[in-house]
Amino acid sequence: MIRVENLHKAFGAQRVLQGVSLEVLSGEIMIVIGRSGGGKSVFLKHLLGLLHPDAGRIWVDGVELTQLRGRALDQVRERYGVVFQGGALFDSMTVFDNVAFPLREKTTLSAQEIAARTEEKLAQVGLTGMGHKYPEEISGGMRKRVAIARALVTEPEIVFFDEPTTGLDPVLVNAIHHLILDLHRKFRFTAVMVSHEIPEIFQIAHRVAMLHEGVIVETGDPQAIQGSANPVVQQFIRGEIEGPIRAT
Amino acid sequence: MNRGTAPALLHPIESLGRVSLDIVESLGRFGLFLGQAGAWTFVPPFKVGQLLQRIHFIGFRSLSVIVLTGAFTGMVLGLQVFLTLERFGSEAFLGPAVALSLIRELGPVLAALMVTGRAGSALTAEIGIMRITEQIDALTVMALNPMRYLIVPIIVAGLITFPLMTAMFDVVGIFGGYLVGVRLLGLSEGTYFGEMRTFVDMADIMTGFWKSLSFGVIVTWVCAYKGYYTGHGAEGVSRATTQAVVLSSVLILVWDYFLGSVLP
């Protein structure tokens, strides 16, 4: 379980997180929604230990992440898989090498075992036979799937998705969401996703949290969020211009 | 007292303070960067594959530019020094003059400047792009220390390749001086090389070696640092690349002067 308590972060005068508190239960898909530039990715980077909060604490299965540095932090990260917004694929490596990379660097598996697991993972994301291509030679949707394959190849317990469908067409958005759902059913990882793909995320989320002006304003299952009486949540999920959220 | 004027009066002081703090912070981060890389150099597992790739990129792929500039530097030196020495009837000293200029000064400095232009800028751009496309973050969250995985092989490769590139520059430059002095201007081959053996000793070679070794650290350190802490977007990478080349070049010349004053 991941527990976030009263997280604050400011960059200069800009206060991005102003007391975020959230619990993510083991095995669930938690999707954090909110406006673009509203601090979702900053929040995620705190969970990954890439940013240190100004105040507040994060626990991962009882271990206080915000107190960890160096090797101790890496031990928590070894349980993670991360799908970055742009994929963050290594552009000097082929698709196969990208997916095999964590296995080569972090395990003692033989070359044959690594090849077998990599091919298996590429097949699971529908990219059989694409291993020899470089990231620049494949489409945006394929790159996202390679990033998902790389994040899952070590069979992590917790997987973070940073807007995994941004910039894709609606068909691909659904395809990626269903792929995540299928893989989640197979591997039962805990998933934390930040996204603003409304209403598609309601089909895959177990719970949804809305981040607005640096705080979580509502948390609940998709039905509860869709039926929320909070005007901020209602305006956001309906995409209305008029309301408490200013369209700036 | 007017409450509004005091803050306005303090603005220049505030700005000066902020700039000073930024400079101190940057210098601290710059030093820490090398310190961390130095510490990680001795922590296994060693990234031998990465190191060989970097040696190939910084060293082998810079060979053509080193040979070309080395040859023409030696030829220009041969011509100009010969014409100067001829006025004093001392053409016999052409060999040592060319060799000493190259081995002590021009070889290490020009080789370092050439490698900075060819490989240093590319390194900054590569690391900068890795930063803005979150590839460095990806390494971090895979629990792979980017300092060990990316930066250490670059700095160690600099330490290995710069002295070798300098040696290549010196040898080709001396041969360039030979072509002009001996083949073109008629100095005897025995005089050119014989006097060189008399006047060039091990201390001169070691001076060039220590310079090239330190330039190897300076160039790779600056270029890797600028890429690692690049600004946002393509403009940030472009700015970082320019800064890396300018700062490396300036530091090479400044450090050359200091080493030249200290070393025998």
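Top to bottom, those sequences are chains X and W. Quick note on numbering: the working numbering labels position 16 of the first sequence as 16, and the sequence is numbered without any gaps. Quick note on numbering: the working numbering labels position 212 of the second sequence as 212, and the sequence is numbered without any gaps. Note that beta-carbon positions come from the ideal geometry of N, C-alpha and C, so glycine has one too.
CA-CA distance, residue i and residue j?
i, j, result
"M142/X", "E28/X", "25 Å"
"A100/X", "S214/W", "37 Å"
"G260/W", "L102/W", "13 Å"
"L247/W", "P102/X", "35 Å"
"G17/W", "F11/X", "19 Å"
"M1/W", "A13/X", "Caution is warranted here: a pLDDT of 43 is assigned to M1/W, below 50, making its placement in the model unreliable, and no coordinate value can be reported."
"L185/W", "M168/W", "24 Å"
"A333/X", "S41/X", "Residue coverage of chain X in this structure runs from 1 to 248, which leaves residue 333/X outside it and unanswerable."
"H212/X", "G38/X", "7 Å"
"L139/W", "V19/W", "32 Å"
"V171/W", "A157/W", "21 Å"
"L79/W", "T73/W", "10 Å"
"L113/W", "T154/X", "44 Å"
"R246/X", "G86/X", "27 Å"
"R3/W", "H46/X", "Confidence is the limiting factor: at R3/W the pLDDT is only 49, short of 50, which leaves the residue's position unreliable, though a coordinate-based value still follows. In a straight line, the C-alpha of R3/W is about 40 Å away from that of H46/X."
"I127/W", "L63/W", "22 Å"
"M196/W", "F258/W", "26 Å"
"I174/W", "R183/W", "13 Å"
"E25/W", "L32/W", "10 Å"
"I23/W", "I132/W", "23 Å"
"E136/X", "M75/W", "45 Å"
"G140/X", "G81/X", "20 Å"
"T41/W", "P264/W", "30 Å"
"T190/X", "R54/W", "38 Å"
"D169/X", "Y134/X", "22 Å"
"V219/W", "G120/W", "7 Å"
"K186/X", "K226/W", "43 Å"
"A39/W", "G95/W", "43 Å"
"I151/W", "F209/W", "23 Å"
"A234/W", "R15/X", "26 Å"
"Q234/X", "G49/X", "32 Å"
"I201/X", "A149/X", "20 Å"
"L44/X", "I31/X", "11 Å"
Between residue i and residue j, which are expected to be in contact by the criterion C-beta below 8 Å, what is the C-beta distance as a whole number of angstroms?
i, j, result
"H8/X", "D54/X", "5 Å"
"E134/W", "A151/X", "In fact, because the Cβ distance is near 13 Å, the residues do not count as touching under 8 Å."
"A244/W", "I155/W", "Their Cβ separation, rounded to whole angstroms, is 14 Å, which puts A244/W and I155/W out of contact at 8 Å."
"G131/X", "T107/X", "Not really, about 19 Å apart at Cβ, beyond 8 Å."
"A125/W", "V237/W", "6 Å"
"G56/X", "N6/X", "4 Å"
"T166/W", "A111/W", "5 Å"
"W59/X", "L65/X", "7 Å"
"E105/X", "M142/W", "7 Å"
"S195/X", "T219/X", "Contact doesn't hold; Cβ gap of about 15 Å is too wide."
"R118/W", "V43/W", "In fact, because the Cβ distance is near 30 Å, the residues do not count as touching under 8 Å."
Here's the rule: buried if 16 or more other CB atoms are within 10 angstroms of the residue's CB, otherwise exposed. What is residue i?
i, result
"M193/X", "buried"
"A111/X", "exposed"
"Y228/W", "buried"
"E240/X", "exposed"
"R29/W", "exposed"
"G34/X", "buried"
"L77/W", "buried"
"Q75/X", "exposed"
"R52/W", "Going by the sequence as given, residue 52/W is Leu instead of Arg. L52/W comes out exposed."
"T118/X", "buried"
"I13/W", "exposed"
"Q124/X", "buried"
"L21/W", "exposed"
"H52/X", "exposed"
"F60/W", "exposed"
"A224/X", "exposed"
"T116/W", "buried"
"G214/X", "buried"
"M202/W", "exposed"
"H232/W", "exposed"
Which residues share a DSSP beta bridge with residue i?
i, result
"A224/X", "Beta-bridge pairing links A224/X to no other residue."
"D162/X", "V194/X"
"E64/X", "W59/X"
"I33/X", "M210/X"
"A149/X", "A149/X pairs with nothing; no bridge assigned."
"E155/X", "Answer is none; E155/X lacks a bridge partner."
"E240/X", "According to DSSP, E240/X bridges with nothing at all."
"A10/X", "R15/X"
"R3/X", "E23/X and W59/X"
"G81/X", "V159/X"
Whole runs of the alpha helix (DSSP H) within the region 131–210 of chain W, excluding any shorter than 4 residues: If we require 4 residues or more, the alpha helix (DSSP H) runs fully inside the region 131–210 of chain W come out as 135–141, 152–178 and 189–199.
Beta strand (DSSP E) segments (min. 3 residues) lying fully within the region 194–220 of chain X: Here the runs fully enclosed are 207–212 and 215–220.
Uninterrupted alpha helix (DSSP H) stretches inside the region 80–151 of chain X (no shorter than 4 residues): Listed in chain order, the complete alpha helix (DSSP H) runs (minimum 4 residues) inside the region 80–151 of chain X are 95–106 and 111–124.
Every unbroken alpha helix (DSSP H) within the region 47–78 of chain W, with a cutoff of 4 residues, ordered by chain: Complete alpha helix (DSSP H) runs here, min 4: 48–58.
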